[in-house]
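Quick notes on the structure that follows.
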Amino acid sequence: MRKSLSFVMVLLFSLFLLGGVHADAGGPKVPPFELLSLDGEKYTDKDLLDKPTLLIFWASWCGTCKHELPKVRDLKEKMKGKPFQVIAIGFKDSEANIRGYVKSHPDVFNFPVLYDSNDRVSTRFGAQFTPTLFLLNKKGELVLHHFSGGFFERREFQEALQQLLKEA
Numbered sequence: 001m002r003k004s005l006s007f008v009m010v011l012l013f014s015l016f017l018l019g020g021v022h023a024d025a026g027g028p029k030v031p032p033f034e035l036l037s038l039d040g041e042k043y044t045d046k047d048l049l050d051k052p053t054l055l056i057f058w059a060s061w062c063g064t065c066k067h068e069l070p071k072v073r074d075l076k077e078k079m080k081g082k083p084f085q086v087i088a089i090g091f092k093d094s095e096a097n098i099r100g101y102v103k104s105h106p107d108v109f110n111f112p113v114l115y116d117s118n119d120r121v122s123t124r125f126g127a128q129f130t131p132t133l134f135l136l137n138k139k140g141e142l143v144l145h146h147f148s149g150g151f152f153e154r155r156e157f158q159e160a161l162q163q164l165l166k167e168a
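At position 82 of the sequence shown the residue is numbered 82 (the UniProt record's numbering), and the sequence of numbers has no breaks.
Laid out in structure tokens, this is it:
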């Protein structure tokens, strides 16, 4: 029964994600989770509240991720001093590979990197592809969802981010 309920919740969240890019009026909330950062700090779904958040699910072997992660860094720098956070979650990869990539690219990672060891959290989010990005409002509700590259260049991302910063 519990397994069926979990499947239904994942399915519903995935349908919200696939149904459209905008979900800014009370979109689906992030699912409950708890992960450790590579530094050993505990993060939960509660850490995604109180300020707009960009979540990026990525893997060290993903070519598009390697191209997009410096853009994430640049966005984080641009947002310095504003109520905005970035959290990266490594998945579909080994912890050693994620750690190795982060260690060999210290100039890219100016944000916390978490590791989803069994891909349960990424499954709850409906993240199947790398990279998968979620823009969340300060209530932890989905505003935009995107997989692959080009997210930061999209007009709807820029507009949504500006709106979220006004509301924060």
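C-beta atoms are modelled at their ideal positions from N, C-alpha and C, and glycine is treated no differently.
From a predicted model like this one, the values you see are computed outputs, not experimental measurements.
Touching or not, the region 76-94 and the region 139-148, by the rule of three or more beta carbon pairs under 8 Å?
The region 76-94 vs the region 139-148: no contact.
For H67, three-class secondary structure by DSSP
Note: H67 maps to helix in three-state DSSP.
What does a CB cutoff of less than 7 Å around V102 pick up in its chain, not counting 5 residues either side in sequence?
Within the same chain, V102 has close Cβ partners L38, F109 and V113.
Rounded straight-line distance, which links the Cα of L48 to that of D24
Any reading at D24 needs caution, since the residue's pLDDT is 44, under 50, leaving its predicted position unreliable; the model's value is listed next. Looking at the two C-alpha atoms, the distance is approximately 16 Å.
Hey, how far is the Cα of G100 from the Cα of D50?
Straight-line Cα distance between these residues: approximately 31 Å.
So what does DSSP say about L75, is it helix, strand or coil?
Correct three-state label for L75: helix.
Helix, strand or coil: how does DSSP classify A23 here?
Only weak support exists for where A23 lies, its pLDDT of 42 falling under 50; the coordinates are left without a value.
Out of Q85, L165 and E95, which has the shortest C-alpha to C-alpha gap to G40?
That would be E95, whose Cα lies nearest to the Cα of G40.
According to DSSP, is V121 part of a helix, a strand, or is it coil?
Judged by DSSP in its simplified three-state form, V121 adopts helix.
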